[in-house]
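For the sequence shown, the residue numbers in the working numbering are 75 to 419.
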Amino acid sequence: MILTYKIKHGRDFIEELKKARQVAEFALEHKTLSTKDVKHIGLKSIISNQILRKYSRNKKLKRVQHVNLTIPNQGIRVDKEQRLIKIPSLKLAVHYQFPNHFTKINQIEINGEYIFVSVTVPEQEPIETSKWMGIDLNTTGHVAVTANPETGKVEKLGKKAEHIRKKYKNIRKELQKEGKYRKVKKIKDREKRIVRDLNHKVSYEIVNEAKRSKSGIKMEMLKRVRMAKSRKSFRYSLNSWSFYQLQKMIEYKAKLLGVPIEYVDPAYTSKRCSRCGAIGNRNGKLFKCPECGHVDHADANAAFNIAFGPRIDRSVIDRDIAEGSTDTPKEATARTLPTLEPHML
Ligand SMILES: [Zn+2]
C-alpha cells in the first residue's frame, strides 16, 4: 500500500518552483522528453526529467497549473537509523517521525511549504474470521458507533465532532459578518485539521478493537456519502468529506493490520429492528420496535444490523469506486488515501 506523509521543510524553494513551472510550460509546448532541451532553465536534471515526463506524455494536461518539484526514488537517500531523508540535488535533509517499517520511498513532491513523502508500506494478509463488528458512521452525534454481536458491546466514538462543528460554524459566521474572509479560510483549514486528528483517533480505536478481538469490520457502502456530496452548502461538504475520510482511514489501517473489511447495503440498516427484523420507528437518536418492543440508541441498532448484514459482492464495490474517479485509476488510488501527519498512525 502507498501512503503519503507530509513534513514541513522550512526552506525557500521559490526559485526552484519557478524553474519547475518554466520546464512544465516548455514541455507542454514542445512535447520533449530530453532534459538537454531545458538545460538553459537551470533546474536539476533529475527533477526536470520528472516534470518533462508528466507534461509531455499526459495528453490530458492542457495547462500548467500547480507545479511541484518531484524527486524520484533514485534521487532520495534514507538513513533509517537517524530517521533522515536526504535529497542531494537540493541539498535538503529532513527528519521524519513516521513509522520506519516502509519498504521504500517511491518519490517525494515538494511545494512551497511541505515535502510529500510517498512510501510503500507492507500490508498484512487479512485473517480468517466469523466474527464481525458493525460500524455505523454518522454525520450527526457520534461520528462512529460500533457494535459487536459476539460480546454485545457497543461503543460510541467521536462525540467531539459535533461540538467542533458548532463551535467553528459560529466563529465563521462572526468572521463573515465582519468581512474577514481570509480569516474564514484559515479557520476552515484549522477545523479540517482538528477533524482529521479526531478521525485518526476514532479509526485507530476501531481497527485496534477489531484486531484485539480477532474480528472483521463491516461498514455500509458509501451511498449516503454521495447523497450528502450533492448538497452544496459548506456544512454538508465538510461533513461528507469528513465522513468519507473516516471510512478511508478505517480501510487503510485495517489493511495494515490484517483486519478484514466487508461492506453491506445501507438499505434498511437504520429502519430495521436488529432483534426481530421488523421495521421500527426512529425519533432522533431513539429507535423503537413496534413488534418486539426493543428500544435502543438508533445508531447502535444500525450498527448491529450492519454487523449481521450480508456482504456486498466485491466487484460491485470496485465498479462503484471506479465510477467516482475522474482521474486515471492509478493516480486516483494514491490520492484517495489521506495525507498523514507524521505523529499519526
Ligand atoms: Zn423488534
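C-beta: ideal position from N, C-alpha, C; glycine also.
Thinking C-alpha only, which one of the options is nearest residue i?
i: residue 209; options: 340, 361, 357; result: 340
i: residue 371; options: 344, 138, 110; result: 344
i: residue 346; options: 367, 328, 140; result: 367
i: residue 227; options: 259, 287, 181, 131; result: 287
i: residue 265; options: 244, 253, 283; result: 244
i: residue 223; options: 85, 360, 348, 386; result: 348
i: residue 326; options: 291, 269, 363; result: 291
i: residue 163; options: 141, 229, 122; result: 122
i: residue 185; options: 384, 86, 356, 336; result: 86
i: residue 384; options: 355, 356, 361, 337; result: 337
i: residue 167; options: 84, 110, 141; result: 84
i: residue 141; options: 124, 154, 133; result: 124
i: residue 313; options: 104, 111, 213; result: 213
Is residue j closer than 8 angstroms to residue i when the C-beta atoms are compared?
i: residue 115; j: residue 145; result: no
i: residue 316; j: residue 379; result: no
i: residue 285; j: residue 231; result: no
i: residue 211; j: residue 321; result: yes
i: residue 161; j: residue 150; result: yes
i: residue 216; j: residue 233; result: yes
i: residue 107; j: residue 135; result: no
i: residue 280; j: residue 352; result: no
i: residue 235; j: residue 377; result: no
Quick one: residues in its chain with C-beta nearer than 7 angstroms to the C-beta of residue i, no 5 flanking neighbours on either side, listed in chain order?
i: residue 93; result: 115, 116, 117
i: residue 329; result: 75, 197
i: residue 156; result: none
i: residue 398; result: Confidence is the limiting factor: at residue 398 the pLDDT is only 44, short of 50, which leaves the residue's position unreliable and the question unanswerable from this model.
i: residue 147; result: 178, 179, 180, 181
Within its chain, find whatever has a CB closer than 8 angstroms to the CB of residue i; leave out the 5 residues flanking it on each side and keep chain order.
i: residue 138; result: 95, 98, 99, 102, 129
i: residue 238; result: 265, 268, 269, 272
i: residue 417; result: Residue confidence for residue 417 is low, a pLDDT of 42 falling below 50, so the modelled location carries little weight and cannot support an answer.
Please list, in chain order, all residues of the same chain as residue i whose beta carbon is under 6 angstroms from its beta carbon, the five residues on each side excluded.
i: residue 88; result: none
i: residue 200; result: 332, 334
Measure the beta-carbon distance from residue i to residue j and round it to whole angstroms, keeping in mind my assumption that it falls under 8 angstroms.
i: residue 374; j: residue 207; result: With 8 angstroms as the limit, residue 374 and residue 207 do not qualify as a contact, their Cβ atoms being about 12 angstroms apart.
i: residue 170; j: residue 159; result: 6 angstroms
i: residue 143; j: residue 90; result: 6 angstroms
i: residue 289; j: residue 324; result: Not quite, the Cβ-Cβ distance comes to about 13 angstroms (not below 8 angstroms), so this is no contact.
i: residue 175; j: residue 195; result: 7 angstroms
Against chain B, with Cβ distances strictly below 8 angstroms, would residue i count as a contact?
i: residue 315; result: Of the protein chains in the structure, only one exists, and it is not chain B.
Practice task
Run through the stretch 135-216 for me and flag every whole beta strand (DSSP E) of 3 or more residues, listed as ranges in chain order.
Solution key: 143-146, 151-153, 158-161, 166-169, 178-184, 188-194, 206-211
Handout entry: Whole alpha helix (DSSP H) elements within the stretch 85-118, 4-residue minimum
Key = 88-104
Practice task
For the stretch 251-335, list the alpha helix (DSSP H) runs that are entirely contained and at least 4 residues long, ordered along the chain.
Solution key: 255-286, 297-303, 308-331
Handout entry: Continuous beta strand (DSSP E) assignments of at least 3 residues falling wholly in the stretch 340-388
Key = 355-357, 360-362, 369-371
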